[in-house]
Amino acid sequence: MNTAKPQGWTTEDARLDTSWIQRLSSAEVAGFDRALAHAKACGKSWLAMTAADFPLDDAARTALQRAFATTQGRWGMCLLKGFPVDRWSEEDTKLAYWGMGLHVGVARTQNPASQYMNDVRDEGAAYKAANGRSRGYNTKAGLDFHMDSADVVALLCRRTAKTGGESLVASTIAVAAELARRRPDLLEVLKQPYYHHYQGSQDPEQPPYYACPIIGSDPEHFTMRVNRKNIVAAERDFPELPRVTPQQWEALDLLEEIMADPRWCFRMQLEQGDVQLVNNYVIVHSRTPFEDFEEPDRKRHLLRLWLAVPGSQPLPADWAEYFIDTRPGSVRGGLRGSQSTDEFAAYEQRQAAALGMAWRPWAPVRRREAAVAA
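My numbering applies: residue 1052 is where the sequence shown begins, and numbers increase by one.
Set out below in C-alpha cells:
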C-alpha cells in the first residue's frame, strides 16, 4: 500500500495492522538519556537551545524522526512507547521533551499566555464554560471530537488517571467518505465557512473569532478542522456574525455521529512513557472523562507540544485566516495569544532555518484577504 500520503482507515484496520505503534529500544532510550544529561549541563533556556544542545545519536534521532514521518503517511498518527519518565523528574521530562522537539519541528504557542508547552491535567476548570474561554486540557471532562491548531500534536504521558481518560481517534478521510456515501449534499455544506470562537487566545491585532470551513477545498490534499464547542461559543457570543444554518448544524451532527461510531472511532489508553503523535488535518481526537487519584503525585499528567513540521502538506487558501501561512512545510498554526515575545520569534526563525522550513514574520491575515487568496 502506498504510504506517501495519509489514507482512510477503520477501527478494524488499526487493530490488524499496528505499524503505527513503535517502541523504543534500550539503545534508543540510552540515546535520549545522554542527550538529556548534555542539555542539563548546558543550562540554556529552552528558547536559546538548538538541536545541538540536545544531541541525539543516530539510533535515537532515527526513531524520533521515523515516528513523526508516520504522522504524514498512511496512518496520520503514531504511538511511540518507552520513554523513561518513571525515572525522569518532571523538570527533566519537560527539558527532554523540548529537546526532542528541536529535532523534528517548530513549537507553536497554545493559549492566551502564549505558552509553548502545556500541562494537560485537571485543574478544576469547567469545560464549555459560558465565558467561551474554557479549554478541555485543564479539565477532567470528556471532550468533543476536535483537531488542535498545528501540523502535529504530541502528547507525552507522565501519569495515567485512576480510571477513564481513554484517547479516541478517527481517520477524517474515512469519516468523510462515509458521510459522502450517506449524504453527499452535506459533505459540500461542510466546505462552507463556519465561525469559531478564539476563546481569548488570539493576538490583540486579531478579532475574537475566525472563519474556517470544516473540510478544505483542495482536492489533492484532504484537510479537515472541526471543533463544535468553539462554533457554538461563536454563535452565542457574537450576534453580529452570520448564523449557522440548519443545514450546517445537520452536517456537523452527522459528522460527529460517524466519528463516534465504533467502526471508525479507535480507542486507546495511553500508558506511562507513551508519546501520541497526531496529524491534525487527517485525524480527529477526543478523550473520555476520567477520575483522578487523591494524591497529587499520582494525578493524571500529560505534556503537550504543538509542532509545525517539515514535509507537512499545503493547506487550503481559505484556511489562511486561522493558520496564517498555508504553504507546505511552513511554520504555521498555533494560538498566538497576547504574550508572544521577540525571543520566541527568534527561536522560530532559527529553528525553521535549521529544519529547512519556510518562515516569515507573523502578521494577521484578515478574512477578506483569505477570501481573495482563495
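Using N, Cα and C, we set each Cβ at its ideal position, and we do this for glycine too.
Collapsed DSSP secondary structure at residue i in the structure displayed
i: Ala-1158; result: strand
i: Glu-1256; result: coil
i: Phe-1273; result: coil
i: Ala-1088; result: helix
i: Val-1326; result: strand
i: Trp-1410; result: coil
i: Met-1052; result: Confidence in Met-1052 is poor, its pLDDT being 34 and thus under 50, which makes the residue's placement unreliable; the coordinate value appears in the next sentence. Correct three-state label for Met-1052: coil.
i: Val-1423; result: Summary for Val-1423: the model assigns pLDDT 43, below 50, so the residue's position carries little reliability; its value from the coordinates is reported in the next sentence. Val-1423 falls in the helix class under three-state DSSP.
i: Arg-1074; result: strand
i: Ala-1227; result: helix
i: Phe-1314; result: Here residue 1314 turns out to be Arg, not Phe, going by the sequence shown. Arg-1314: coil per DSSP, three-state reduction.
i: Gly-1082; result: helix
i: Gly-1384; result: coil
i: Asn-1281; result: helix
i: Glu-1301; result: helix
i: Lys-1191; result: coil
i: Glu-1063; result: helix
i: Ala-1164; result: coil
i: Arg-1210; result: strand
i: Lys-1145; result: helix
i: Leu-1358; result: strand
i: Asp-1348; result: helix
i: Asp-1288; result: helix
i: Glu-1307; result: helix
i: Gly-1267; result: coil
i: Met-1319; result: strand
i: Ala-1403; result: helix
i: Trp-1338; result: Residue 1338 is actually Arg in this sequence, not Trp. It is a strand residue.
Expected contact under 8 Å - CB spacing of residue i and residue j to nearest Å
i: Ile-1282; j: His-1336; result: At roughly 17 Å, the Cβ-Cβ gap does not stay under 8 Å, so Ile-1282 and His-1336 are not in contact.
i: Gly-1127; j: Ser-1222; result: 7 Å
i: Asp-1108; j: Gly-1082; result: 4 Å
i: Thr-1274; j: Pro-1367; result: 6 Å
i: Ala-1212; j: Glu-1345; result: Not confirmed; about 12 Å, so no contact.
i: Leu-1292; j: Leu-1230; result: Contact doesn't hold; Cβ gap of about 25 Å is too wide.
i: Gln-1400; j: Trp-1413; result: In fact, because the Cβ distance is near 11 Å, the residues do not count as touching under 8 Å.
Closest Cα partner of residue i within the set the options
i: Gly-1384; options: Ala-1158, Glu-1308 and Gln-1243; result: Ala-1158
i: Cys-1316; options: Thr-1339, Glu-1286 and Glu-1322; result: Thr-1339
i: Gly-1407; options: Val-1360, Leu-1206, Pro-1415 and Ala-1371; result: Val-1360
i: Cys-1129; options: Cys-1093, Arg-1074, Gly-1094 and Ala-1225; result: Arg-1074
i: Glu-1351; options: Asn-1189, Ala-1147, His-1089 and Ala-1114; result: Sequence check: residue 1351 is Arg here, not Glu. With distances taken between Cα atoms, Arg-1351 lies closest to Asn-1189.
i: Arg-1417; options: Ala-1284, Glu-1256 and Arg-1314; result: Glu-1256
i: Trp-1139; options: Arg-1066, Phe-1341 and Arg-1209; result: Arg-1209
i: Ala-1227; options: Lys-1213, Pro-1270 and Thr-1211; result: Pro-1270
i: Arg-1125; options: Asn-1169, Gln-1116, Ala-1065 and Leu-1131; result: Ala-1065
i: Gly-1362; options: Asp-1084, Gln-1123 and Thr-1214; result: Gln-1123
i: Arg-1349; options: Asn-1331, Thr-1214, Asp-1325 and Ala-1284; result: Thr-1214
i: Arg-1233; options: Glu-1308, Glu-1342, Gly-1267 and Ala-1118; result: Glu-1308
i: Trp-1300; options: Gln-1400, Asp-1288, Lys-1280 and Thr-1377; result: Lys-1280
i: Thr-1392; options: Leu-1305, Pro-1297, Ala-1405 and Ala-1164; result: Ala-1164
i: Gln-1320; options: Trp-1097, Glu-1399 and Leu-1207; result: Leu-1207
i: His-1272; options: Asn-1331, Pro-1365, Val-1329 and Glu-1229; result: Pro-1365
i: Thr-1069; options: Trp-1097, Ala-1118 and Pro-1244; result: Ala-1118
i: Leu-1237; options: Thr-1296, Ala-1285 and Gly-1216; result: Thr-1296
i: Asp-1084; options: Gly-1094, Ala-1311 and Tyr-1148; result: Tyr-1148
i: Gly-1094; options: Asp-1143, Glu-1229, Leu-1067 and Pro-1347; result: Asp-1143
i: Val-1329; options: Glu-1399, Ser-1200, Asp-1376 and Gln-1166; result: Ser-1200
i: Ile-1266; options: Glu-1394, Phe-1395, Leu-1067 and Pro-1244; result: Pro-1244
i: Pro-1347; options: Gln-1161, Pro-1106 and Arg-1172; result: Arg-1172
i: Pro-1313; options: Asn-1278, Ala-1090, Asp-1170 and Val-1220; result: Val-1220
i: Gln-1298; options: Ala-1404, Lys-1242, Ala-1311 and Gln-1161; result: Lys-1242
i: Leu-1115; options: Ala-1284, Asn-1278 and Ser-1076; result: Ser-1076
i: Ser-1268; options: Thr-1377, Asp-1170, Pro-1106 and Arg-1287; result: Thr-1377
i: Gly-1193; options: Glu-1174, His-1089, Gly-1216 and Pro-1235; result: Gly-1216
i: Glu-1141; options: Asp-1170, Tyr-1332 and Ala-1092; result: Asp-1170
Proximity of residue i and residue j at Cβ, strictly below 8 Å
i: Pro-1264; j: Asp-1369; result: yes
i: Trp-1060; j: Thr-1121; result: no
i: Phe-1156; j: Val-1203; result: According to the sequence displayed, residue 1156 carries Gly and not Phe. The answer is yes: Cβ separation under 8 Å.
i: Asp-1137; j: Gln-1323; result: yes
i: Glu-1063; j: Ala-1110; result: no
i: Gln-1058; j: Ile-1224; result: yes
i: Arg-1276; j: Met-1168; result: no
i: Leu-1087; j: Leu-1146; result: yes
i: Ala-1302; j: Val-1382; result: no
i: Phe-1374; j: Leu-1098; result: no
Chain D within 8 Å of residue i, Cβ atoms only
i: Pro-1290; result: Judged by its chain identifiers, the structure shown contains no chain D, having just a single protein chain.
Closer than 7 Å: residue i CB and nearest the ligand MG heavy atom
i: Ala-1102; result: Summarising the ligand content, the structure contains no ligands, and the ligand MG is consequently not present.
Worksheet item: Within the chosen definition, does the region 1146-1156 reach the region 1355-1369 through at least 3 CB pairs nearer than 8 Å?
Response: yes
Fill in: Meets three-Cβ-pair contact criterion under 8 Å: the region 1255-1262 and the region 1093-1104
no
Item to complete: Mind the definition here: the region 1384-1395 touches the region 1247-1256 only if three or more C-beta pairs lie below 8 Å; say whether that holds.
Response: yes
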